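Read top to bottom, the protein sequences are chains A and B.
In terms of full-length UniProt numbering, the first sequence opens at residue 1 and continues consecutively.
In terms of full-length UniProt numbering, the second sequence opens at residue 1 and continues consecutively.
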Amino acid sequence: MIPAAFEYARPTSVDEALQAVAEGGEDVKIMAGGQSLIPVMRLRLAAPSTVVDLGRVAEMRGVRDDGDALVIGAMTTHAEVITDPLVAQHAKLIAEATETVADRQTRRRGTFGGALAHADPAGDLPAVALALDAEMVVAGPNGRRTVPASEFFVDYLTTTLDEGEILVEIRVPKLAGDWGVRYEKFNRVAQAWSIVAVAAAVRRENGHIAEARIGLTNMGPTPLRASATEAALNGAAASPDAVAAAARSAAEGTSPSSDLNAQADYREHLAQVLTRRAVTAAAGL
Amino acid sequence: MTQVSMRVDGVSYTDEVEPRTLLVHHLREALGKVGTVVGCDTSNCGACTVHLDGQAVKSCTVFAVQADGAEVTTIEGIGSQGDLHPVQKAFHEMHGLQCGFCTPGMIMASIDLLKENPNPSETEVREGIEGNLCRCTGYQNIVRAVQQAAGEMSGSSDTLGAQA
Ligand SMILES: Cc1cc2nc3c(=O)[nH]c(=O)nc-3n(C[C@H](O)[C@H](O)[C@H](O)COP(=O)(O)OP(=O)(O)OC[C@H]3O[C@@H](n4cnc5c(N)ncnc54)[C@H](O)[C@@H]3O)c2cc1C
Ligand code: FES
Ligand code: FES
Numbered sequence: 001m002i003p004a005a006f007e008y009a010r011p012t013s014v015d016e017a018l019q020a021v022a023e024g025g026e027d028v029k030i031m032a033g034g035q036s037l038i039p040v041m042r043l044r045l046a047a048p049s050t051v052v053d054l055g056r057v058a059e060m061r062g063v064r065d066d067g068d069a070l071v072i073g074a075m076t077t078h079a080e081v082i083t084d085p086l087v088a089q090h091a092k093l094i095a096e097a098t099e100t101v102a103d104r105q106t107r108r109r110g111t112f113g114g115a116l117a118h119a120d121p122a123g124d125l126p127a128v129a130l131a132l133d134a135e136m137v138v139a140g141p142n143g144r145r146t147v148p149a150s151e152f153f154v155d156y157l158t159t160t161l162d163e164g165e166i167l168v169e170i171r172v173p174k175l176a177g178d179w180g181v182r183y184e185k186f187n188r189v190a191q192a193w194s195i196v197a198v199a200a201a202v203r204r205e206n207g208h209i210a211e212a213r214i215g216l217t218n219m220g221p222t223p224l225r226a227s228a229t230e231a232a233l234n235g236a237a238a239s240p241d242a243v244a245a246a247a248r249s250a251a252e253g254t255s256p257s258s259d260l261n262a263q264a265d266y267r268e269h270l271a272q273v274l275t276r277r278a279v280t281a282a283a284g285l
Numbered sequence: 001m002t003q004v005s006m007r008v009d010g011v012s013y014t015d016e017v018e019p020r021t022l023l024v025h026h027l028r029e030a031l032g033k034v035g036t037v038v039g040c041d042t043s044n045c046g047a048c049t050v051h052l053d054g055q056a057v058k059s060c061t062v063f064a065v066q067a068d069g070a071e072v073t074t075i076e077g078i079g080s081q082g083d084l085h086p087v088q089k090a091f092h093e094m095h096g097l098q099c100g101f102c103t104p105g106m107i108m109a110s111i112d113l114l115k116e117n118p119n120p121s122e123t124e125v126r127e128g129i130e131g132n133l134c135r136c137t138g139y140q141n142i143v144r145a146v147q148q149a150a151g152e153m154s155g156s157s158d159t160l161g162a163q164a
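What follows is the structure, encoded as structure tokens:
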């Protein structure tokens, strides 16, 4: 279908973009890669009166090294993230998860920031941002603020972004020490969203697991950490048995939905199995 | 209306478009590039795949205004009747199509894949073109066609070397 008519703005800087968003009124929509927005506009599930296209805001694109953190511009495309040498070195988990997103063509347009701002519970990158303790740098009419991933995702398709605010870049703390990572995604057909997925980062020290960070995709309206499993793994032996035992609590505190793809109890089962697989692989077992 | 300029298959065009015009509709309806087709309403099928500044995209999920200033290549711009692109030739020879509706997109996605990975395994081909759906062939011959084209494109010097 053809989307409803709209006014189009194409700013070239963050300041211009903020102004365009402010002038766009109540029905303004920000467009990043458009890979989620255009489909819903085609189905007329969204009909914004103004679209502010961030595609030419060069300062929002690219990855830079900022000491103990990596800074990923919100407009960096999935394809760019996958091939970026800094991401490969310091945040491999993001690259691994991004490779599972959608398909080749969609990854060429879709962006890291767009996927986070969209906050789809089945989206692969929010759980990764949460597991890595990423921080969102948000620009608004009154300047910039930084929001930790743990506070950014509020509800189904909802973030703390206020009207008039733009997600500019994402700060990802570098993992220091001997970390292994793995993203385990379960879906059934090509280019499909996660039924459940698990993002794991594990630090090993002297044959033990010193620290584990586990993000869950699609186990509730927002991404979640598998806190009980993380706690059980802290200081545990780096052995398949210890990992399997800890993974049994992966679904604790989650509230998965039941839909055409899976019932809630099946999702709970998947969370345990995928957590075991992801942690086992991340721990190099 | 917004003015957009783009080079499509080597020819420059400047037109007035409504911002809501999808690139695929602009290509087909304003520029007559009907080789590129629309197969779905949900950004899934990939039939509309074209190259935007050298990269495969779903042209039903890009507004024409976003392609302002860009170089677009469609299935009509990669070869000619007498001089098919190696991927076109391989789809023909390996029977990589039945009804042919998915073929323009399959070929554009495959060219993009081969640029990145000139010698893909069967699994890599299947994953590389996962954004394109075919309702006829069962994919078997499509995968064969892409691998044959890969051999011809990257291995042509090898083959010559082997023969010499
Ligand atoms: C066929 C298909 C399959 C897909 N499969 C997957 C999958 O398996 N896993 C997955 O994670 N995703 C999947 N996606 C979604 C894809 O990852 C999108 O790219 C992503 O969700 C949105 O990114 P975008 O840059 O295209 O954002 P857009 O579509 O442009 O925007 C999405 C939303 O975020 C808002 N927004 C975007 N950027 C900003 C910003 N900087 N500041 C404030 N608000 C902003 C927009 O206003 C809009 O509401 C799929 C998409 C398609 C079409
Ligand atoms: S027409 Fe189906 S993906 Fe574009
Ligand atoms: S040949 Fe008919 S859809 Fe692929």
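A virtual CB, placed ideally from N, CA and C, is assigned to each residue, including glycine.
As the structure is a computational prediction, the values presented were derived from the model and not from experiment.
State the beta-bridge partners of residue i as determined by DSSP.
i	result
residue 205 of chain A	A:208
residue 224 of chain A	A:216
residue 80 of chain B	B:83
residue 71 of chain A	A:64 and A:171
residue 237 of chain A	A:208
Does DSSP put residue i in a helix, a strand or coil?
i	result
residue 115 of chain A	helix
residue 89 of chain B	helix
residue 135 of chain B	coil
residue 258 of chain A	coil
residue 142 of chain B	helix
residue 250 of chain A	coil
residue 102 of chain A	coil
residue 283 of chain A	coil
residue 178 of chain B	Beyond the ends of chain B as shown, which are 1 and 164, falls residue 178 of chain B; an answer cannot be given.
residue 128 of chain B	helix
residue 161 of chain B	Low local confidence applies: a pLDDT of 36 at residue 161 of chain B is under 50, so the model's placement there is unreliable, and no value is given.
residue 271 of chain A	helix
residue 86 of chain A	helix
residue 231 of chain A	helix
Just checking: is the beta-carbon of residue i within a distance shorter than 8 Å of some beta-carbon in chain A?
i	result
residue 20 of chain B	yes
residue 15 of chain B	no
residue 121 of chain B	no
residue 39 of chain B	no
residue 147 of chain B	no
residue 70 of chain B	no
residue 160 of chain B	Interpretation of residue 160 of chain B is limited by its pLDDT of 40, a score under 50 that renders its predicted location unreliable; no figure is taken from the coordinates.
residue 125 of chain B	no
residue 155 of chain B	no
residue 109 of chain B	yes
residue 55 of chain B	yes
Along the chain, where does the alpha helix (DSSP H) that runs through residue i open and close?
i	result
residue 92 of chain A	92-99
residue 80 of chain A	78-83
residue 9 of chain A	Where residue 9 of chain A is concerned, there is no enclosing alpha helix (DSSP H), although the beta strand (DSSP E) it sits in stretches over 7-9.
residue 114 of chain B	103-116
residue 240 of chain A	240-247
At the 8 Å Cβ level, is residue i part of the contact set with chain B, yes or no?
i	result
residue 106 of chain A	yes
residue 27 of chain A	no
residue 157 of chain A	no
residue 42 of chain A	yes
residue 48 of chain A	no
residue 259 of chain A	no
residue 6 of chain A	yes
residue 34 of chain A	yes
residue 1 of chain A	yes
residue 39 of chain A	yes
* Where are the beta strand (DSSP E) runs, 3 residues long or more, that stay fully inside the UniProt domain "2Fe-2S ferredoxin-type" (2-78) of chain B, in chain order? -> 2-8, 11-17, 49-52, 55-58 and 71-73
* Which runs of the alpha helix (DSSP H) fall wholly inside the stretch 18-69 of chain A and span at least 4 residues, in chain order? -> 37-42
* To do: Please specify which runs of the alpha helix (DSSP H), each continuous and at least 4 residues long, are wholly inside the stretch 117-200 of chain A, giving them in chain order.
  => 125-131 and 149-152
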